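Since the structure comes first, as structure tokens, the remarks are kept for the end.
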Amino acid sequence: MKPSLLLLHGAIGAATQLQPLAAQLAAHYEVHLPEFPGHGGAPLPEQRFSIALFAEATLQYIRQHKLKEVTIFGYSMGGYVALYLARQYPDLISRVITLGTKFHWDETTAAREVKMLDADIIVQKVPAFADNLARLHAPNDWKTVLQRTAEMLLAMGKDNPLKPDEYKEISTPALIMLGDRDKMVTLEETVVAYRGIPGARMAVLPGTPHPIEQVNISLLTYFLQPAGMLTDV
1 MKPSLLLLHG
11 AIGAATQLQP
21 LAAQLAAHYE
31 VHLPEFPGHG
41 GAPLPEQRFS
51 IALFAEATLQ
61 YIRQHKLKEV
71 TIFGYSMGGY
81 VALYLARQYP
91 DLISRVITLG
101 TKFHWDETTA
111 AREVKMLDAD
121 IIVQKVPAFA
131 DNLARLHAPN
141 DWKTVLQRTA
151 EMLLAMGKDN
161 PLKPDEYKEI
171 STPALIMLGD
181 RDKMVTLEET
191 VVAYRGIPGA
201 RMAVLPGTPH
211 PIEQVNISLL
221 TYFLQPAGML
231 TDV
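For the sequence shown, the UniProt record's numbering assigns the number 1 to the initial residue and increments by one for each residue that follows.
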């Protein structure tokens with residue numbers, strides 16, 4: 001029986017963005033591609049978007065599918081959710097791998113990120129991106145997804161759900177990755193997380209920007225397949 005691998009997408013993203021990666025890894029894992037509430041056409045929840053909400057949804061997915069010793073790969077916000085969940089349920093997850101996860105949140109950081117979630121500006125300046133968001137989240141209104149995400153980020157800026165002094169409580173083996181051309185996540189915040197999580201490993205991917213569509217899937221697959229993950233992690 002193949003081991004289970006859960007792929008978690010990023011903020012304002014959807015599981016379909018990770019399908020090319022899932023296809024590459026299908027020979028090694030039983031791959032699962034859940035949607036976070038309100039994303040990818042999944043019903044919008046009554047609750048506000050939050051890391052806790054997404055972690056609970058992931059937990060319920062794991063339990064519903066009776067996954068054991070699951071490896072979780074989280075891209076961007078998905079990595080944050082994975083580590084948040086691993087801190088609470090260390091016996092449920094065998095490994096966590098993150099890529100392009102933003103760990104440092106304060107009010108200034110949140111305000112800067114929220115500026116990039118202005119739906120009107122997106123429509124005016126990058127209409128192709130707006131069209132893509134509309135396709136990703138249909139039948140939901142993509143502007144609602146952006147607004148709820150903005151509210152979540154502002155809340156994270158006021159109270160970071162996973163604080164640096166809590167990294168030491170994560171006992172799950174972790175591989176923390178960052179693209180060398182990532183303009184959203186800093187090397188400094190990534191190193192803080194890597195050094196704070198006991199026994200964690202770190203990798204910097206060459207020629208790799210933040211958007212998952214621009215990541216070299218073959219390179220990422222190497223780190224995610226069992227032989228490429230440094231099995232003694």
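All residues carry an ideal CB built from backbone N, CA and C; glycine is no exception. For clarity, every value in this text was computed on a predicted model and none was experimentally measured.
Check	Outcome
At which residue ranges does the segment 86-165 contain complete alpha helix (DSSP H) runs of 4 or more residues, listed in the order of the chain?	107-115, 119-125, 127-137, 142-158
Give the single residue among T190, G199, N216 whose Cα lies nearest to the Cα of G100.	T190
Say whether the segment 75-92 touches the segment 4-11, bearing in mind that this needs 3 or more beta-carbon pairs closer than 8 Å, one atom from each stretch.	yes
On the DSSP bridge list, what partners appear for T71?	L5, R95
What distance in whole Å lies between the Cβ atoms of P206 and D180, which are believed to be in contact at a cut-off of 8 Å?	6 Å
Taking the CB atoms as reference points, tell me whether L25 and Q225 lie closer together than 8 Å.	yes
How is the beta strand (DSSP E) around A22 delimited, first residue to last?	Counting along the chain, A22 falls outside any beta strand (DSSP E), though it belongs to the alpha helix (DSSP H) covering 19-25.
How many angstroms separate the CA atom of N160 from the CA atom of L153?	9 Å
Going by DSSP in three states, V192 sits in which element: helix, strand or coil?	helix
Express the C-alpha separation of A119 and A200 in angstroms, rounding to a whole number.	37 Å
Have a look at the DSSP bridge pairing and note the partners of residue 234.	Residue numbering for the chain in the displayed model covers 1 to 233; residue 234 lies beyond these limits and cannot be assessed.
Can you tell me whether V185 is buried or exposed, with buried defined as 16 or more other CB within 10 angstroms of its CB?	buried
Since A193 contacts L175 with CB under 8 Å, what's their CB separation in whole angstroms?	Between L175 and A193 the Cβ distance is about 11 Å, and since that is not below 8 Å, they are no contact.
Distance, Cα to Cα, L92 vs P3?	13 Å
Decide if Q47 is buried, meaning its Cβ has at least 16 other Cβ atoms within 10 Å, or exposed.	exposed
Got a sec, what are the start and stop residues for the beta strand (DSSP E) R201 sits in?	201-205
Taking all protein chains shown into account, decide if T231 is buried (16 or more other Cβ within 10 angstroms of its Cβ) or exposed.	In this prediction, T231 has a pLDDT of 46, which is less than 50 and means its spatial position is unreliable; nothing more can be read from the coordinates.
Go through its chain and collect everything with a Cβ distance to R87's Cβ below 6 Å, but skip five positions before and after it.	E169, I170
Can you tell which of D182, E113, K125 has the C-alpha that lies nearest to the C-alpha of A155?	E113
Using a 10 Å radius around the Cβ and a threshold of 16 neighbouring Cβ atoms, would you call F129 buried or exposed?	exposed
Three-state secondary structure (DSSP) at E11?	Residue identity differs from the one stated: residue 11 is Ala in this sequence, not Glu. Of the three classes helix, strand and coil, the one that applies to A11 here is coil, per DSSP.
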